[in-house]
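**Q** Take a look at the following structure, please.
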Amino acid sequence: MAWFVAAWSCLLVVVMVSSMRLSRSASSSCGSSCGHGGHGGWGPRSYPVIGCLVAFYRNRRRLLDWYTEMLAVSPSQTIVVDRLGARRTVVTANPANVEHILRARFANYPKGKPFTDVLGDLLGMGIFNVDGELWHSQRKLVSHEFSARALRDLEVTVLEAEARDRLVPALAAASRGGGVVDMQDVLRRFAFDVICRVSLGVDPGCLDPALPAPRLAAAFDTAAGIIARRGAAPVAAVWKVKRALDAGSERRLREEVGVIHEAVMGLIRSRRKERALLLVNGNGGGGARSDLLSRMIECGYPDEAIRDMVISFIMAGRDTTSSALTWFFWLLMRHRGVEAQVLDEIAATRRGRGAGEEGGDDGEEGEWLDLDDYRRMRVLHAALCETMRLYPPVAWDSKHAAADDVLPDGTGVGRGGRLARRRGVRRRVAYPVFQGGPRTCLGKEMAFVQMKFVASAVLRRFELRPVDEGRTPAFVPLMTAHMAGGLNVTVRRRTPAPAPASGGAANGTGGELTSS
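Listed below in structure tokens is the structure:
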């Protein structure tokens, strides 16, 4: 340990000296003299040895804002970040660069080992954490499962049950009691219940007030937080040393991942026994479950592959839809004209299929919309897309160059260099929130169905009002972005149904919603 202490002491001296120089020379709102950084690109000013480490450390709790400020003043919407302890990073919001990385030169920009090292302890060899042939083979097999009607039907069935039994009654009780509800927390609990029932075939009961908070949900929360801090660490060697020593947060991560692995592997063993009994009793495929875990067992995947795959999909689905919906409801509360247009479309869709205008607290049988109804809801779709453009659930997408390259804007990328893409930019070919090119999100359609289902179920029954009308909440981009402080609202029963709105989008959103 003596060498480690000595090395860090020397580094601290270098950082302190450079920090004092930087403080005397800083003259820009970017916090580190944003401009030509002396590294062949636009970005924060770099210094010998440490690069922009001091400025990075100062902005470590607001990296998204810091990068966005620099991207906004960069002529090419691209910056280059050099700092001690990290690879040279090209950060871009340039649409041509995004198209180049995601599609034209896809093979040259895998996620890369530095990325997979950060997530590997949790995601293992799941589809979101592998490259090359392993990714390609998993993608091919899993895309078949996601295209199966049985999985999509299961999602709708689960959404209806979760809304009927928990979401709608919870909001109805809040409307009668007049208390404050944190919609972000409600939506996160709802999403975790849904993704577990679809992926694992079990109901954790996160949104059920009569049940204790499930240990599995807490383990996912803790593990995701620690992994996010790994990715934002100024010097990656710090968390790697802690992991090697099994100390601090890295020990906690190992323990929480152990809880997750044990729970999922226990389900896999249980489901294999269940399947064996069905075969022994001559039931064959009769009575087989439709959840993702069971379907992968039916397809003959090994246990560890199933474990890593379902953990990946839980991580992808547990907070992304709830994050998007949290910001969606907040934006609608600020733009009531757009809310009226969304309500008009929901009412028109229900009239078109002969459903009643009023839904009881219980959510009667037959009152829900179907998949085709949700696909036709263009105004709601546009509003959700614009929400995710402004507040993307996953704000950053990281790749590493397999070979030297030059981006369309002229920025050079060396082999092994990191590229970070600021999500939320518009592109011609694909909506970037769900990736693009060969890695386009397999769960995109399922995510939109869930968001439209929740938006429709909540908006046509309840009016949400913010507790603090003047508050502009902070956007916190961790592994999945969230709203700092939650979304505290009061809930009122919505009666009668609103009259149709006329004209275009109101209250300042203009054509943004309908152009997505």
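Per mature numbering (1 follows the signal peptide of the UniProt record, and there is no 0), the sequence shown runs over residues -25 to -1, 1 to 491.
Cβ coordinates follow ideal geometry from the N, Cα and C atoms, glycine included.
(1) For the segment 388 to 451, list the alpha helix (DSSP H) runs that are entirely contained and at least 4 residues long, ordered along the chain.
(2) If Val56 sits next to Gly18, beta carbons under 8 Å apart, how far is it from one beta carbon to the other, in whole angstroms?
(3) My understanding is that Asp96 touches Val232, with C-beta atoms under 8 Å, so please give their C-beta distance in whole angstroms.
(4) Taking Arg36 as the reference, give the member of Gly99, Ala208, Ala79 and Thr67 with the closest Cα.
(5) So, do the segment 228 to 242 and the segment 276 to 289 have three or more beta carbon pairs nearer to each other than 8 Å?
(6) Please classify Asp336: does DSSP put it in a helix, a strand, or coil?
(7) For Leu38 and Phe31, what's the separation of their Cα atoms in angstroms?
(8) Which residue wins for smallest C-alpha separation from Ile98, given the options Val177, Ile289 and Ala192?
(9) Let me confirm a value: Thr295 is counted as buried when at least 16 other C-beta atoms fall within 10 Å, else exposed. Which label applies?
(10) Which residues mark the beginning and the end of the alpha helix (DSSP H) in which Ser150 is found?
(11) State the DSSP-derived secondary structure class of His457, mapped to helix, strand or coil.
(12) Can you tell which of Arg468, Thr415, Gly445 and Val433 has its C-alpha closest to the C-alpha of Leu142?
(13) For Lys374, which beta-bridge partners are listed by DSSP?
(14) Quick one, which of Thr447, Glu438 and Ile243 has its alpha-carbon nearest Val464's?
(15) Beta-carbon within less than 7 Å of Arg164's beta-carbon, same chain only, minus the 5 sequence neighbours each way: which residues are those?
(16) State the start and end residues of the unbroken beta strand (DSSP E) segment that holds Asp157.
(17) From this set, Val317, Glu74 and His457, which residue's C-alpha is nearest Gly411's C-alpha?
(18) Rounded to whole angstroms, how far is the Cβ of Phe428 from the Cβ of Leu134, which I believe are closer than 8 Å?
(19) For Asn463, list the residues DSSP reports as bridge partners.
(20) Cβ of Leu28 within 7 Å of Cβ of Arg58?
(21) Would you list the one or two residues that DSSP bridges to Ile281?
(22) In this structure, how does DSSP classify Gly99 when only helix, strand and coil are distinguished?
(23) Which residues in the same chain have their Cβ closer than 7 Å to the Cβ of Tyr366, if we skip the five residues on either side of it in sequence?
(24) Please report the residue range of the alpha helix (DSSP H) in which Ile54 lies.
(25) Report all residues from its chain with a CB closer than 8 Å to the CB of Leu191; omit the five preceding and five following residues, and keep chain order.
(26) Could you tell me the distance, in whole angstroms, from the CA atom of Ala422 to the CA atom of Arg227?
(27) Distance check for Leu126 and Leu267, CA to CA, integer angstroms please.
(28) Distance, Cα to Cα, Arg467 vs Ile272?
(29) I need the boundaries of the alpha helix (DSSP H) containing Thr197, first residue and last residue.
(30) Using 8 Å as the Cβ pair cut-off and three pairs as the minimum, do the segment 372 to 380 and the segment 80 to 87 touch?
(31) On the CB-based measure, 16 or more other CB atoms within 10 Å of its CB, does Asp106 come out buried or exposed?
(32) Report the residue ranges of all alpha helix (DSSP H) runs contained in full by the segment 271 to 331; include only those spanning at least 4 residues, in chain order.
(33) Please report the straight-line C-alpha distance between Thr470 and Leu344, rounded to a whole angstrom.
(34) Cβ of Gln113 within 7 Å of Cβ of Leu462?
(35) Buried or exposed: which applies to Thr447, given that a residue is buried once 16 or more other Cβ atoms fall within 10 Å of its Cβ?
(36) Who are the Cβ neighbours of Leu453 in its own chain at under 6 Å, not counting the five residues just before and after it?
**A** Reading off the structure:
(1) List check, alpha helix (DSSP H) in window: 419 to 434.
(2) Going by Cβ atoms, the distance from Val56 to Gly18 rounds to 5 Å, so yes, they are a contact pair.
(3) At roughly 6 Å, the Cβ-Cβ gap stays under 8 Å, so Asp96 and Val232 are in contact.
(4) Considering only alpha carbons, the answer is Ala208.
(5) By the Cβ test, the segment 228 to 242 is in contact with the segment 276 to 289, since at least three Cβ pairs between them sit closer than 8 Å.
(6) Model confidence at Asp336 stands at a pLDDT of 42, short of 50, so the residue's coordinates are unreliable; what they give is reported in the following sentence. The three-state secondary structure of Asp336, taken from DSSP, is coil.
(7) Roughly 8 Å separates the two Cα atoms.
(8) Correcting the residue identity first, residue 98 is Leu in this sequence and not Ile. Closest option to Leu98, Cα to Cα, is Ile289.
(9) Counting Cβ neighbours within 10 Å, Thr295 comes out buried, since at least 16 surround it.
(10) From DSSP, the alpha helix (DSSP H) with Ser150 extends over Val143 to Gly152.
(11) Strand at His457.
(12) Closest in C-alpha terms to Leu142, from the list Arg468, Thr415, Gly445 and Val433, comes Val433.
(13) Under DSSP, Lys374 forms a beta bridge with Leu394.
(14) Answer by Cα proximity: Glu438.
(15) These residues qualify, in order along the chain: Cys181 and Leu182.
(16) Where Asp157 is concerned, the enclosing beta strand (DSSP E) stretches over Val155 to Asp157.
(17) With distances taken between Cα atoms, Gly411 lies closest to Glu74.
(18) That belief holds up - the Cβ atoms of Phe428 and Leu134 are roughly 5 Å apart, short of 8 Å.
(19) Note: Asn463 sits in a beta bridge opposite Asp157.
(20) Closer than 7 Å, so yes.
(21) Answer by DSSP bridge pairing: none, since Ile281 is not bridged.
(22) Gly99: coil per DSSP, three-state reduction.
(23) Once the five neighbours on either side are set aside, the close Cβ partners of Tyr366 are Trp302, Phe450 and Ala456.
(24) Run containing Ile54: none in the alpha helix (DSSP H); it sits in the beta strand (DSSP E), Thr53 to Val56.
(25) Contacts found: Cys171, Pro179, Val234, Ile235 and Ala238.
(26) Between the C-alpha atoms of Ala422 and Arg227 there is a straight-line separation of about 31 Å.
(27) Rounded to the nearest whole angstrom, the C-alpha separation of Leu267 and Leu126 is 7 Å.
(28) Between Arg467 and Ile272, the alpha-carbon positions lie close to 45 Å from each other.
(29) Element bounds for Thr197: Arg190 to Ala207.
(30) These segments touch.
(31) Under this definition Asp106 is a buried residue.
(32) Within the segment 271 to 331, the complete alpha helix (DSSP H) runs of at least 4 residues fall at 278 to 293, 295 to 309 and 311 to 327.
(33) Separation of Thr470 and Leu344 (C-alpha to C-alpha, rounded to the nearest whole angstrom) is 20 Å.
(34) At the C-beta level, Gln113 and Leu462 stay beyond 7 Å of one another.
(35) By the neighbour-count definition (other C-beta atoms within 10 Å, threshold 16), Thr447 is an exposed residue.
(36) Here the set comprises Ala203.
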